[in-house]
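When you read off a place in the sequence shown, starting at 1, and then add 48, the result is the number in the numbering used here.
Some notes on the structure that comes next.
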Amino acid sequence: MKRRIALVLPMAWAVAGGALAQSARSDQVVVIFGASGMIGRDLAAAVKQAGYAVRGVSRNPDRARTEISADYDWVKADVRDFESVRRAVAGAAFVVSTVAADQRRGPQAPEFIDWAGNRNLIDASVEARIKRFILISSATSGPHVDQSLNPASGYVRYFKTKVEAYLRASGLSHTVIAPGRLNYESGGRLGVRLLDRKDYEISHITSGDMGLVLVECLTNPAAEGRVFALRNDETLKPGAWREMIAAMPGR
Numbered sequence: 049m050k051r052r053i054a055l056v057l058p059m060a061w062a063v064a065g066g067a068l069a070q071s072a073r074s075d076q077v078v079v080i081f082g083a084s085g086m087i088g089r090d091l092a093a094a095v096k097q098a099g100y101a102v103r104g105v106s107r108n109p110d111r112a113r114t115e116i117s118a119d120y121d122w123v124k125a126d127v128r129d130f131e132s133v134r135r136a137v138a139g140a141a142f143v144v145s146t147v148a149a150d151q152r153r154g155p156q157a158p159e160f161i162d163w164a165g166n167r168n169l170i171d172a173s174v175e176a177r178i179k180r181f182i183l184i185s186s187a188t189s190g191p192h193v194d195q196s197l198n199p200a201s202g203y204v205r206y207f208k209t210k211v212e213a214y215l216r217a218s219g220l221s222h223t224v225i226a227p228g229r230l231n232y233e234s235g236g237r238l239g240v241r242l243l244d245r246k247d248y249e250i251s252h253i254t255s256g257d258m259g260l261v262l263v264e265c266l267t268n269p270a271a272e273g274r275v276f277a278l279r280n281d282e283t284l285k286p287g288a289w290r291e292m293i294a295a296m297p298g299r
C-alpha cells in the first residue's frame, strides 16, 4: 500500500519580513517551489531530514503550514510573478523547482507554468547567485526527440524541454532530475538506476528515493550540469546510484 512520508520534523529556522532569522545560515537554506504539491512535499521532507532549512513556496502558505508541515518557513509566491519569486529566493543557497502545470489551457497551462514560470525562477536565481538549481522535469521530455510535434497535455514536454535549454544557457550550476511514474513511498529500501532519457522506458520511482537523489545533487560536484531519468531497480543495492552520477549526460 502506498504511504506518505512523515513530515514531523523539528523547526530549525524561520523567515520574518523577508529577512533570515539568526537560527539558520544562508548556506543551509533550500527554497522549494511547489513544496505543497504531491512531489514537492516528499522532496521537502528529504531535504529537511538531511539537515537543511526548508523554505517552502506556495500560493497559499497558511494552508500549507496547517495541512503539510509547520516545521518549514512558508512564503507566498506565484511563479508567474517575477517580483514574488525574487523575494522568495533572496538569501538562499539552493533552489528546487517542482512546479508543473495543472491545466492544458489557460493561465495555468504549461506555457505559463513549466516555461515562463520556471524561467522566472531561473532568472531570479541568477540574480540571487544561487549555488545550485535543481529542476524536476520529466523522463519523457528532452531534446533527443522533437517535442514540438507532441501536443499532449498542452505541449508540456515541449515547454519542459525548452526551459531545460534555458537553464543550461543561464550559467547557473544545475541538475535536471527527470522522473517517470511516481510511487509516493519512503526511500532507501530499493535500488535506483540513473539513466539517459533516451534509454528510458515506462517505470516507477518512489518519491522517497527521488528525495535522496535530490539531496545528493545539491552539493555533489559530479552532479553539476547532469540530466538524467531514474527508476527503481531491485537488482541494484540501495545507494549504488551515487556511483552513476558522474556518467550521466549533460556536461
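We treat Cβ as the ideally placed atom computed from N, Cα and C, and that holds for glycine.
Just so you know, these numbers come straight off a predicted model, no measurement behind them.
Residue i CB to nearest heavy atom of the ligand NAP below 7 Å
| i | result |
| --- | --- |
| Phe207 | Summarising the ligand content, the structure contains no ligands, and the ligand NAP is consequently not present. |
Rounded Cβ spacing between residue i and residue j (contact assumed at less than 8 Å)
| i | j | result |
| --- | --- | --- |
| Ile87 | Ile184 | 7 Å |
| Val144 | Ile182 | 5 Å |
| Leu242 | Trp289 | 5 Å |
| Gly228 | Arg279 | 6 Å |
| Arg152 | Lys124 | Actually they do not touch by this definition, with Cβ atoms about 26 Å apart. |
Range of the contiguous alpha helix (DSSP H) that encloses residue i
| i | result |
| --- | --- |
| Thr209 | Ala200 to Ser218 |
| Asn168 | Ala164 to Ala176 |
| Pro109 | Pro109 to Glu115 |
Proximity winner among the options, relative to residue i (alpha-carbon distances)
| i | options | result |
| --- | --- | --- |
| Gly226 | Arg177, Thr114 and Ile250 | Reading off the sequence, residue 226 comes out as Ala, not Gly. Among Arg177, Thr114 and Ile250, the Cα nearest to that of Ala226 is on Ile250. |
| Val105 | Gly85, Val95 and Ala94 | Gly85 |
| Phe207 | Ile161, Leu243 and Thr114 | Ile161 |
| Arg128 | Leu91, Tyr120 and Asn168 | Asn168 |
| Leu266 | Ala213, Tyr214, Asp247 and Phe142 | Phe142 |
| Ala176 | Val95, Ala136, Lys124 and Arg89 | Ala136 |
| Ile116 | Gln195, Asp126, Ser255 and Ala83 | Ala83 |
| Gly154 | Lys179, Glu131 and Tyr203 | Tyr203 |
| Gly190 | Asn268, Thr209 and Ile178 | Thr209 |
| Ala93 | Ala277, Asn268 and Gly256 | Gly256 |
| Ile178 | Ala138, Glu212 and His252 | Ala138 |
| Val95 | Asn108, Arg107 and Tyr120 | Tyr120 |
| Tyr248 | Asp281, Arg89, Arg103 and Ala157 | Asp281 |
| Ser221 | Gly273, Val211, Arg89 and Arg103 | Gly273 |
Cα-Cα separation between residue i and residue j, rounded to whole angstroms
| i | j | result |
| --- | --- | --- |
| Ala98 | Glu264 | 10 Å |
| Asp75 | Glu159 | 32 Å |
| Trp122 | Leu262 | 20 Å |
| Pro297 | Tyr232 | 27 Å |
| Ala172 | Met258 | 25 Å |
| Val275 | Arg216 | 10 Å |
| Arg245 | Asn166 | 21 Å |
| Phe81 | Ala112 | 12 Å |
| Thr223 | Ala140 | 17 Å |
| Val240 | Asp110 | 35 Å |
| Ala295 | Ala101 | 30 Å |
| Pro286 | Ala164 | 37 Å |
| Ala118 | Thr283 | 38 Å |
| Val193 | Ile170 | 24 Å |
| Ala271 | Arg180 | 10 Å |
| Val79 | Asp126 | 14 Å |
| Gln195 | Val174 | 27 Å |
| Thr254 | Arg205 | 22 Å |
| Ala277 | Asn268 | 17 Å |
| Glu291 | Ala213 | 26 Å |
The beta strand (DSSP E) enclosing residue i, as first and last residue numbers
| i | result |
| --- | --- |
| Lys124 | Asp121 to Lys124 |
| Thr254 | His252 to Thr254 |
| Ile87 | Element bounds for Ile87: not the beta strand (DSSP E) but the alpha helix (DSSP H), Met86 to Gln97. |
| Arg135 | No beta strand (DSSP E) contains Arg135, which is instead part of the alpha helix (DSSP H) from Phe130 to Val137. |
| Thr223 | His222 to Pro227 |
| Asn268 | Here Asn268 belongs to no beta strand (DSSP E), and DSSP marks it neither H nor E. |
| Gly104 | Ala101 to Ser106 |
Q: Answer yes if the segment 141-150 comes into contact with the segment 174-190, meaning at least three C-beta pairs across the two stretches below 8 Å, and no otherwise.
A: Enough Cβ pairs lie closer than 8 Å, so yes.
Q: Check whether the segment 199-216 touches the segment 235-252, counting contact only when three or more Cβ pairs, one atom from each stretch, lie closer than 8 Å.
A: Not touching, per the Cβ criterion.
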